[in-house]
Structures are given as structure tokens and as C-alpha cells.
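Asker:
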Amino acid sequence: MKLLRYLFATLAIVFCITTFSTAIFGVENLVNVFGDLTLQLVLGTSSLGMAAAPVIPFIDNDGNVLYSESGVIGTQARTGGIEERSKIAETDIVMGHPVQLGTEGGQVKILDVDATRLFGIAKYNPQAQGFTEGTKYKAEEAALIFTKGVIWVWAEEAVNEKDTVRVRLVNHASDGNKLVGYFGKTADEDKTAVLKGAYFESVQETATGGPVMVKLTDSTELILDNLV
Numbered sequence: 000m001k002l003l004r005y006l007f008a009t010l011a012i013v014f015c016i017t018t019f020s021t022a023i024f025g026v027e028n029l030v031n032v033f034g035d036l037t038l039q040l041v042l043g044t045s046s047l048g049m050a051a052a053p054v055i056p057f058i059d060n061d062g063n064v065l066y067s068e069s070g071v072i073g074t075q076a077r078t079g080g081i082e083e084r085s086k087i088a089e090t091d092i093v094m095g096h097p098v099q100l101g102t103e104g105g106q107v108k109i110l111d112v113d114a115t116r117l118f119g120i121a122k123y124n125p126q127a128q129g130f131t132e133g134t135k136y137k138a139e140e141a142a143l144i145f146t147k148g149v150i151w152v153w154a155e156e157a158v159n160e161k162d163t164v165r166v167r168l169v170n171h172a173s174d175g176n177k178l179v180g181y182f183g184k185t186a187d188e189d190k191t192a193v194l195k196g197a198y199f200e201s202v203q204e205t206a207t208g209g210p211v212m213v214k215l216t217d218s219t220e221l222i223l224d225n226l227v
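For the sequence shown, numbering that gives the first Met the number 0 begins at 0 and goes up steadily by one.
(1) First and last residue of the beta strand (DSSP E) that includes GLU220?
(2) Just the Cα atoms here: how many angstroms apart are THR199 and SER218?
(3) What does ARG167 pair with, by DSSP beta-bridge criteria?
(4) Measuring CB to CB, does THR185 end up less than 9 Å from GLU156?
(5) Could you give the uninterrupted runs of the beta strand (DSSP E) lying entirely in the stretch 97 to 145, keeping only those of 3 residues or more?
(6) If we call anything under 9 Å between Cβ atoms a contact, is GLY119 one with ALA154?
(7) Does the stretch 137 to 146 touch the stretch 165 to 173, meaning 3 or more C-beta pairs lie closer than 8 Å?
(8) Measure from the alpha carbon of ARG165 to the alpha carbon of each residue in ILE81, GLU188, THR131, then state which is nearest.
(9) Counting along the chain, where does the beta strand (DSSP E) carrying ILE87 start and finish?
(10) Per the DSSP calculation, ALA154 is bridged to which residue(s)?
(11) Specify whether the stretch 128 to 140 and the stretch 84 to 91 touch according to this definition: at least 3 beta carbon pairs, one from each stretch, less than 8 Å apart.
(12) Could you check what DSSP says for LYS177 in three-state terms: helix, strand or coil?
(13) What whole-angstrom Cβ distance do LYS147 and LEU215 have, given they're in contact under 8 Å?
(14) So what does ILE148 bridge to, in DSSP terms?
(15) By a C-beta neighbour count over all protein chains shown, 10 Å radius and 16 as the cutoff for buried, is ALA114 buried or exposed?
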């Protein structure tokens, strides 16, 4: 009996809070506030290997994440200037990771040491088939790719706006915090590449990694590190 009374009291409190919040903030803004909790859980269990972080996503009426002001990996970081394309994922592609054109026309795959140019960064998309399996696009499904604009990515080290933008093409030999698809500033012979024409647009101060804004431009060029 005590348990039932506690349950009914809890439900009543939740109902009152929701009703009050909806009246004050409106339905869409209420989704923006409470949607944060879901996204934290998703990021906390992501195959990206990053801890959950406080985020404030901006969501439309269909549940699509438009952009984020505080670090949802793979989302647009600023309004305007964004361009995106739809391609078929040749392999599984983690959202927020850089991609290159695939083996066949219309395909994309994760950037690797054989890449000749960057195509873009895989967009965060909760509607993708592989979203619940590791925040990714599954092979053979349509993947949304940012080709231009300011996007949240994962930096494997501390970076700032003055640093050269690099991307990791091969996992670090001993540091588990430095994985394929992460961004950084430090050259790792035969394992990283410079993204000439791309820029860090924010500061990431944590030595072991964290979210950072990267700006992709029309002139972004891929230059492999220390390859002869």
C-alpha cells in the first residue's frame, strides 16, 4: 500500500511539472530541454568511446537534431553555411567521423590511409538504422554527410583555434584514447593526415579528448602525414 501511494505521488509530481513546463516553455522547447537526457544516454553508450557530456540539442517537430551549442558529436555547431549530401554507406560509419568516397559511385566509407581526399563528416541522425547499435550508419543504408560548415567532432587531445587540423586514419599503437576518425593536432607518422583548409572553431582543453568545432570549407585538402 505504501508503495502504491508513493507511485501515485510520484506520477502526480511528474504530471504537474510537465504541465507547468509546457505552459511556460511550449512543447518544442520542452523537448529541447528533456531531450538532453536521452542524448546523454546515447553518447554515454556510444562506440565512440566518449563519456556522456551535458548537451543542449535543438530539435524540430519531427525529432530531427538541427544543431547543438554544446557538443553533440556529428551535429551542426552553428546555423548557416552548412551543406550536406546523401550517400550509401559502403561499410558501417560512426556518426561524427570523417569519410571518403567509396569503391563505387554514390558510396562513402571511413577515411583511411588510402584516402586521396576528404568527402565530409557523417551527420548525427537518430533515424538511421544503426543509431541504436553504436550511433552509426549501417553498411548499405543511406548516410547523411556534412560537406561544408561548422560541425562538432571528437578531438583526441587538447586543441585550440590556432592548431593545424589533423584526423586519425589508424588507431594509435598504445593510446586507447586515439582512435580512427578522431581529430587532433599532433602528427603520428603514417597514421594521421592534415586537413588543409579546415579550422578548429573552438577550444578543447582536456588532454584525453572532448568535443570541438571543426569548420569544413570548399578548399579542404587531405595531406597524409610523413608518408614517402
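We put the CB at the ideal spot given by N, CA and C, even for glycine. Note that the structure is a prediction, hence the values are computed from the model and not measured.
Answerer: With the structure as the only source:
(1) 220 to 223
(2) Contrary to the premise, residue 199 reads as Phe rather than Thr in this sequence. PHE199 and SER218: Cα-Cα distance of roughly 15 Å.
(3) THR191
(4) yes
(5) 97 to 100, 106 to 109, 119 to 121
(6) no
(7) no
(8) GLU188
(9) 82 to 88
(10) PHE182, GLY209
(11) yes
(12) coil
(13) 5 Å
(14) Here the sequence assigns Gly to residue 148, which means Ile is not the residue at that position. Looking at the DSSP assignment, GLY148 forms a beta bridge with LEU215.
(15) buried
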